[in-house]
Each structure stands twice: as structure tokens, then as C-alpha cells.
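Going by our numbering, the first residue of the sequence shown is number 65, and it counts up by one from there.
Notes follow once the structure below has been shown.
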Amino acid sequence: ELLRREKQQSNLNSTENRTLFGPAKPKEIREIISKCQILCMTCSGVGILEPSLKFPFILIDEASQVTEPNILIPLVRITD
């Protein structure tokens, strides 16, 4: 779904993009993410996700370059 949307948007400028597609809705994001086995995001990018989304594993790449406060953003998403 994301690839299809990206392909449709690739030939549009940012104004046309926002007019036609608008921002992704939380329900759409949740549906897409729920189908994923692996999700790659920046530490701060995880913060935009719905708070109820939890993950069994989190791998932080380049952890030596990220600040400690930013590492906390994905860490609070680990399931018990």
C-alpha cells in the first residue's frame, strides 16, 4: 500500500501531493503497520505512531550516534 501510494505521489509536487492525498490517517497507518513483520524507523519517528502500538523487539542501529533521550522514544514501545 505504501509503495503504491509512493509511486502515485512521485510525479507530483508537494502541493499537489497534499491536495490529493493529505496526511496519512492514524487508522491507515495502523492497518499498514499491523501487516508488517519488520518496521524500520528513526528513534524520533516512532514518536508519531499511535501510543498503543507496541513491539516485541527493537533494534537501535548506530546507537552510539543517537542521544539518550531519543533512545527512550522507541524503548517505551517494547511489550512486556
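Virtual Cβ for every residue (Gly too), placed ideally from N, Cα, C.
Cβ-based neighbour list, Lys99, same chain, cut-off 7 Å, excluding 5 preceding and 5 following: Apart from sequence neighbours up to five positions away, no residue of its chain approaches Lys99 with a beta-carbon distance below 7 Å.
Beta-carbon spacing of Ile142, Ile135 below 8 Å: Contact: no.
8 Å Cβ cutoff met for Val130 and Cys107: For Val130 and Cys107, yes; Cβs fall inside 8 Å.
Secondary structure, beta strand (DSSP E): runs of 3+ residues fully inside the region 92-142: Within the region 92-142, no beta strand (DSSP E) run of at least 3 residues lies entirely inside it.
Local Cβ density within 10 Å of Pro138, reported as buried at 16 or more and exposed below that: Label assigned to Pro138: buried.
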